[in-house]
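Working notes for the structure below.
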């Protein structure tokens, strides 16, 4: 199982209906198979996520944040890890807003060393 504790990720790709950008950083914590993180930057003033690390290292979580328009947004996400040649983790994410919009998107976040 991959341990995400203490790892920092940044968004490198996102669909247009997402609010995360290359200025958004995620600080992951892991206790057992419980994942949590805080994130901010770019359009995101402050965000949190909580979820589960599965045995294959994939993630499933819910996220909530306040954006720069002071709107509260939230959704759900599943992430599939890819281990890069230098040992860093790249996460391929499929997500869905759970607010009025209900749209879906995809993003990629990559570990920062």
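In our numbering, the protein residues as written are 15 to 127. We put the CB at the ideal spot given by N, CA and C, even for glycine. It should be emphasised that the depicted structure is a prediction, and the values quoted were computed from it without experimental measurement.
query, result
"Quick check on residue 76: does DSSP put it in helix, strand or coil?", "strand"
"Classify residue 69 as buried or exposed, calling it buried when 16 or more other Cβ atoms lie within 10 Å of its own Cβ.", "exposed"
"Ordered along the chain, which non-local residues of its own chain (more than five positions away) have a Cβ less than 6 Å from that of residue 50?", "43, 64"
"Quick check: does the Cβ of residue 113 come within less than 7 Å of any heavy atom belonging to the ligand MG?", "With respect to small molecules bound, the structure shown includes none, and the ligand MG cannot be examined in it."
"Compute the distance between the beta-carbons of residue 90 and residue 110, then report whether it is under 8 Å.", "yes"
"Around the C-beta of residue 5, are 16 or more other C-beta atoms found within 10 angstroms, so that it is buried, or is it exposed?", "Residue 5 lies beyond the residue range present for the chain, which begins at 15 and ends at 127; the question has no answer from this structure."
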